Amino acid sequence: MTAPVVATPLPDCPDLDQAFAASWPVRLGDTDDQDRLRLDAVARYLQDIGFDHLDAVADGDKHQAWIVRRTVIDVYEPIMFGDRVHLRRWADALSNRWCDMRIRLTGERGGHIEAAAFLIHIDPVAGRPARMSDAFMAPMLAGTTEHRLRWRAALTELDDREVEAVPFPLRVTDVDRLGHVNNAVYWEAVEEALAAHPDRQTLPYRAIVEHVGPVMAVDKVMLRTGLRPGGLRLQLDVDGAARALGSVDRLEIGG
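Each residue of the sequence shown is one higher than the one before, counting from 206 in this note's numbering.
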């Protein structure tokens, strides 16, 4: 039997005390009208701890350009406004040009979120995948057993005829230093879809965003949403072509 693309639950850390750690308060701009830490804020937190992590490892200054290929966010208990969130980050698997990073987020008042990000190291001049240095990979190699990581997509494009389609306007603040719409903006689209279908957000749940191609500031984006039992699928299109795929489903845990 073929192993699932994304494991349930996400792989644990062999030694959580060795994982890179950071913490900060959950502020007003990160939360919704129910005081819940939003998914787009979680995505920004994953970026923030990632860049903090670069400051703590050898050759981190030489590995400043990354593209997110997939992000998985498993929400067990929401983290709330006013709480302090503690993050732990470690490598789960890698090749010499990309890696799968795991992040655990816990709130001091009981919130619990697990996340994984498939990251591709990019040469910022050539704009293509670039080999990570030996010094940079050394701690990841020491803490993992999977060193020939390959990309496998977890999602497919929507083919349902009965889908909701609405414009998803972009703003100048959505674009990052690489000239692409920042990863966290795609999670704003997930929040939009869930706001229209709040019954699809029953705890615990898993949300996934996979990137098919870049979205640029000048693009006219359409958000397409399709419902399925216990969850939803979504897709961001530009000129009729998919640029990102997403899903939200109830997280099945236990035996």
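Cβ atoms here follow ideal geometry from the backbone N, Cα and C, with glycine treated the same way. Values in this document were obtained by computation on a predicted structure and should not be read as measured data.
Please report the distance separating the alpha-carbon of residue i from that of residue j.
| i | j | result |
| --- | --- | --- |
| valine 257 | arginine 366 | Checking the displayed sequence, the identity of residue 257 turns out to be aspartate instead of valine. Approximately 44 Å between the Cα atoms of the pair. |
| alanine 340 | valine 247 | 29 Å |
| valine 211 | arginine 376 | 32 Å |
| proline 219 | aspartate 264 | 24 Å |
| glutamate 369 | arginine 429 | 5 Å |
| aspartate 404 | alanine 270 | 37 Å |
| leucine 233 | leucine 441 | 27 Å |
| glycine 460 | leucine 215 | Since pLDDT at glycine 460 reaches only 48, below the 50 mark, its modelled position is unreliable, and the value read off the structure follows with that caveat. Rounded to whole angstroms, glycine 460 to leucine 215 spans 15 Å at the Cα level. |
| tryptophan 303 | leucine 354 | 8 Å |
Compare the C-beta of residue i against all C-beta atoms of chain D and say whether one is closer than 8 Å.
| i | result |
| --- | --- |
| valine 420 | Protein chains in the displayed structure number just one, and chain D is not present. |
Ends of the alpha helix (DSSP H) at residue i?
| i | result |
| --- | --- |
| valine 247 | 244-259 |
Which of helix, strand or coil does DSSP assign to residue i?
| i | result |
| --- | --- |
| valine 377 | helix |
| glycine 460 | Summary for glycine 460: the model assigns pLDDT 48, below 50, so the residue's position carries little reliability; its value from the coordinates is reported in the next sentence. Glycine 460 falls in the coil class under three-state DSSP. |
| leucine 215 | coil |
| glycine 234 | helix |
| aspartate 279 | strand |
What residue range is occupied by the uninterrupted beta strand (DSSP E) comprising residue i?
| i | result |
| --- | --- |
| aspartate 454 | 446-455 |
| isoleucine 318 | 317-326 |
Inter-stretch contact at 8 Å, needing at least 3 Cβ pairs: the segment 410-429 / the segment 440-455: yes
Within the chosen definition, does the segment 248-263 reach the segment 291-298 through at least 3 CB pairs nearer than 8 Å? yes
Within the segment 385-418, note down every full beta strand (DSSP E) run reaching 3 residues or more, in order along the chain. 410-416
So, does the segment 307-318 touch the segment 344-362, judging by three or more C-beta pairs under 8 Å? no
Fully enclosed by the segment 332-374, which beta strand (DSSP E) runs are 3 residues long or longer? 369-372
Touch test, the segment 271-281 against the segment 315-324, Cβ-Cβ under 8 Å, three pairs minimum: yes
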